[in-house]
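In our numbering, the protein residues as written are 13 to 133.
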């Protein structure tokens, strides 16, 4: 399990370029943009009706077993009845939980991750 420090970043866009998902973040503290490219995305679920979506934490897991040892991930999956699907269908994948301050939490199941930073000014 690994936590990426993007707390308080705003989620500016989520792009789908099959089979990849790109989450674009803006960090208002340092005025930088980040693109998190989830390569080989096998599953993605988000529920948000909020105009603003702000990251609390981003947690990466190397396996479903590791993800389900994290209480927030486990509760999110069980509440949506996707826990069995994730455990059974995505062996060998990495998983990511976005826990947000504003907006909706989400899960991404993927093969690899690339993080790119674009400085402003």
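Glycine residues also receive a C-beta, built at the ideal position from the N, C-alpha and C atoms.
Notebook entry, point to check: Any idea which residues DSSP pairs residue 126 with across the strands?
Noted result: 49
Item checked: Other residues of its chain near residue 64: CB distance less than 8 Å, five sequence neighbours each side excluded -> 22, 114, 115
Next item on the list: Could you check which residue in 76, 81, 128, 105 has the C-alpha nearest to that of residue 53?
Entry: From the listed residues 76, 81, 128, 105, the smallest Cα separation to residue 53 is found for 105.
Checklist line | Closest Cα partner of residue 61 within the set 117, 100, 124 | finding: 117
Next item on the list: Indicate the three-state DSSP secondary structure (helix, strand or coil) for residue 85 in the structure shown.
Entry: Helix.
Margin query: I'd like to know if the region 21-39 and the region 72-88 are in contact, where contact means that at least 3 CB-CB pairs between them fall below 8 Å.
Written below: no
Item checked: Straight-line gap, residue 100 to residue 120 (C-alpha atoms, nearest Å) -> Near 15 Å, if we compare the C-alpha coordinates of residue 120 and residue 100.
Notebook entry, point to check: What number of angstroms, rounded off, separates the C-alpha of residue 94 from the C-alpha of residue 30?
Noted result: Looking at the two C-alpha atoms, the distance is approximately 21 Å.
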